[in-house]
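Engineer:
In mature numbering (1 follows the signal peptide of the UniProt record, and there is no 0), the protein residues as written are -26 to -1, 1 to 325.
(1) Can we say the segment 177 to 187 touches the segment 97 to 109, given the rule of at least three CB pairs closer than 8 angstroms?
(2) Which runs of the beta strand (DSSP E) fall wholly inside the segment 16 to 97 and span at least 3 residues, in chain order?
(3) Report all residues from its chain with a CB closer than 8 angstroms to the CB of residue 243; omit the five preceding and five following residues, and keep chain order.
(4) For residue 225, which option in 214, 257, 217, 191 has the closest C-alpha, if you only look at C-alpha atoms?
(5) Helix, strand or coil for residue 130, going by three-state DSSP, please let me know.
(6) Considering only C-alpha positions, which residue in the set 56, 62, 66, 272 is nearest to residue 295?
(7) Can you give the beta carbon distance from residue 189 to residue 33, rounded, assuming they're within the 8 angstroms contact cut?
(8) Can you list, in chain order, the residues of its chain with a C-beta nearer than 7 angstroms to that of residue 283? Leave out the 5 residues immediately preceding and following it.
(9) Would you decide whether residue 186 is buried or exposed? Buried here means 16 or more other CB atoms lie within 10 Å of its CB.
(10) Please check the pair residue 216 and residue 228, which I expect to be a contact at CB under 8 angstroms, by giving their CB distance rounded to whole angstroms.
(11) Can you find at least 3 beta carbon pairs, one from the segment 310 to 320 and one from the segment 17 to 25, that sit closer than 8 angstroms?
(12) Taking the alpha carbon of residue 246 as the point to measure from, which residue in 29, 238, 15 has its own alpha carbon closest?
(13) Pull up the CB-CB distance for residue 257 and residue 291, whole angstroms please, since I reckon it's below 8 angstroms.
(14) What does the alpha-carbon distance come out to for the pair residue 278 and residue 322?
(15) Helix, strand or coil for residue 143 per DSSP?
(16) Please confirm whether residue 72 and residue 201 have their CB atoms less than 9 angstroms apart.
(17) May I have a chain-ordered list of the beta strand (DSSP E) segments no shorter than 3 residues that lie completely inside the segment 286 to 310?
(18) Among 132, 250, 88, 74, which has the Cα closest to the Cα of residue 102?
(19) Where does residue 318 sit, in a helix, a strand or coil, going by DSSP?
(20) Would you tell me roughly how many angstroms separate the C-alpha atoms of residue 87 and residue 119, rounded to the nearest one?
(21) Around the C-beta of residue -2, are 16 or more other C-beta atoms found within 10 angstroms, so that it is buried, or is it exposed?
(22) Taking residue 305 as the reference, which of 315, 276, 287 has the closest Cα?
(23) Just how far apart, CA to CA, sit residue 138 and residue 194?
Structural data, given as structure tokens:
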């Protein structure tokens, strides 16, 4: 009874002096006891918790920029000058193949329509003449050089017409001689800041689905254990695609892609991501940790005793701590109540 009262008095004073169950003695280099009997806690509650094996630990969140893969962007260009362009879609809009994105007009657009009509007429006439000539070729009506010229003229007319046909796959000519520009693929629309006026200037770009990547910078000292990223807002998993070997300002640039097609990221976004690092560690409730001489410890059940085990805290998940100790078995039972009492007994107080 006397021991129990002494321990109770010690616990009351001790808890009043510290809010984290921690005590440090600068003049002592080691604890007095490394093992104490469970019975020495008297009537104080002894609750134990199990350790949880941890293979990944979250690091500090960083910002990642959403970009597109090199070469994935589809540029929509026109073979003529654009005097006027009206857009029916906005930056970031998702479109399907064949959707109208813009309408162009002007003198060069009218001239292009005439060129398409002329190319078709020349092709049909050349084809007709070529076929008629070929049919009479066996009677040697034409010399070899003449036949080659006829054949060459037909092929050139055919190639020219096919060229316009390819362009026509992404345009629609209207009765008022305006031209609707269609999306050649499904994806996200990106419109340049200034309308193109020169030939081959991009009228707009289409970014295909699944072509977006995230770029972030991770401390170089942690790069070897980096296993992935998590979108902090949506919990979307991101797979590491590439790590640049060059170190700049103690960081390395990494590229990651969404694991799922349902990740809601858009080109140009700044996304907060949480790095995940590979570890071999244990998770324990924070109440089980206490400090002696600037070293963190836990009390592990060992038969009818409590054994003092030093640990290193490497992180936190929720209200729990992530700890490392090479000799700590995963099935260990850790004292999670009356920890201050046990701490005092390990220090030799209350005896």
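Ideal placement from N, C-alpha and C gives every residue a C-beta, glycine not left out.
Structural biologist: Walking through what the data contain:
(1) No: fewer than three Cβ pairs fall under 8 angstroms.
(2) If we require 3 residues or more, the beta strand (DSSP E) runs fully inside the segment 16 to 97 come out as 22 to 24, 26 to 32, 36 to 42, 48 to 51, 58 to 61, 74 to 79.
(3) Closer than 8 angstroms at the Cβ level, and outside the excluded window around residue 243, lie 39, 40.
(4) Selected option, being the one with the closest Cα: 191.
(5) It is helical.
(6) When each option's Cα is compared against that of residue 295, the closest is 272.
(7) At roughly 17 angstroms, the Cβ-Cβ gap does not stay under 8 angstroms, so residue 189 and residue 33 are not in contact.
(8) Contacts found: 271, 272, 274, 299, 302.
(9) Under a 10 Å Cβ-count criterion, residue 186 is classified as buried, with 16 or more other Cβ atoms of the shown protein chains found around its own Cβ.
(10) Indeed they touch by this definition, with Cβ atoms about 7 angstroms apart.
(11) Pairwise C-beta distances place the segment 310 to 320 in contact with the segment 17 to 25, as three or more of them are shorter than 8 angstroms.
(12) Of the candidates 29, 238, 15, the one whose C-alpha sits nearest the C-alpha of residue 246 is 238.
(13) The pair is a contact, with the Cβ atoms about 6 angstroms apart (cut-off 8 angstroms).
(14) Between the alpha carbons of residue 278 and residue 322 lies a distance of about 18 angstroms.
(15) Coil, per DSSP.
(16) For residue 72 and residue 201, no; Cβs fall outside 9 angstroms.
(17) Counting whole runs of 3 or more residues, the segment 286 to 310 contains the beta strand (DSSP E) stretches 294 to 298, 307 to 309.
(18) Measuring from the Cα of residue 102, the nearest candidate turns out to be 132.
(19) Of the three classes helix, strand and coil, the one that applies to residue 318 here is helix, per DSSP.
(20) Going by the C-alpha atoms only, they are around 34 angstroms apart.
(21) For residue -2, the predicted model reports a pLDDT of 32, less than 50, meaning its position is unreliable; a value from the coordinates is still stated below. The residue in question, residue -2, is exposed, as its Cβ has fewer than 16 Cβ neighbours within 10 Å.
(22) Comparing Cα-Cα distances from residue 305 to each of 315, 276, 287, the minimum goes to 276.
(23) In this model, residue 138 and residue 194 are separated by some 53 angstroms (Cα to Cα).
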